[in-house]
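**Student:**
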Amino acid sequence: MVPIEDVYAQIRDFAAREGARKVILFGSRARGTNRPKSDIDLAVSGCPDFDRLERRLQDELWSLLKVDVINLDAPISESLRREIERDGRTLYEKV
1 MVPIEDVYAQ IRDFAAREGA RKVILFGSRA RGTNRPKSDI DLAVSGCPDF DRLERRLQDE
61 LWSLLKVDVI NLDAPISESL RREIERDGRT LYEKV
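Under our numbering, the first residue of the sequence shown is numbered 1, with each subsequent residue one higher.
Right under this line is the structure:
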């Protein structure tokens with residue numbers, strides 16, 4: 001199994017290549033309550049081609065873990081937005 005920090009590095013690389021402004025890890029992995037096979041929950045903002053980045057994350061990531069990707073530039077529920085703001089951990093931010 002690939003170390004999770006290597007998976008996070010690959011997520012940062014994909015985000016940079018696809019022009020995303022920010023990628024936030026949220027859910028159990030951000031809170032530190034995950035199990036070894038917990039999915040990876042990501043929230044993305046400022047990506048010119050969100051669908052392409054989402055496909056890459058789901059199809060090309062060096063992980064067998066399920067990846068859920070949320071577009072923060074699209075409408076999402078207030079409860080989900082609050083969870084991301086409360087528990088989220090920035091994995092990538094364009095400077």
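Note that CB positions come from ideal geometry on N, CA and C, so glycine has one too.
1. Could you check what DSSP says for residue 20 in three-state terms: helix, strand or coil?
2. Use the C-beta contact count for residue 85: other C-beta atoms within 10 angstroms, 16 or more gives buried, fewer gives exposed.
3. Classify residue 89 as helix, strand or coil using the three-state DSSP reduction.
4. Please confirm whether residue 47 and residue 20 have their CB atoms less than 7 Å apart.
5. What number of angstroms, rounded off, separates the C-alpha of residue 39 from the C-alpha of residue 76?
6. Check whether the Cβ atoms of residue 24 and residue 90 sit closer than 7 Å, and answer yes or no.
7. Within 10 Å of its beta-carbon, does residue 55 have 16 or more other beta-carbons around it, so buried, or fewer, so exposed?
**Tutor:** Walking through what the data contain:
1. coil
2. exposed
3. strand
4. yes
5. 19 Å
6. yes
7. exposed
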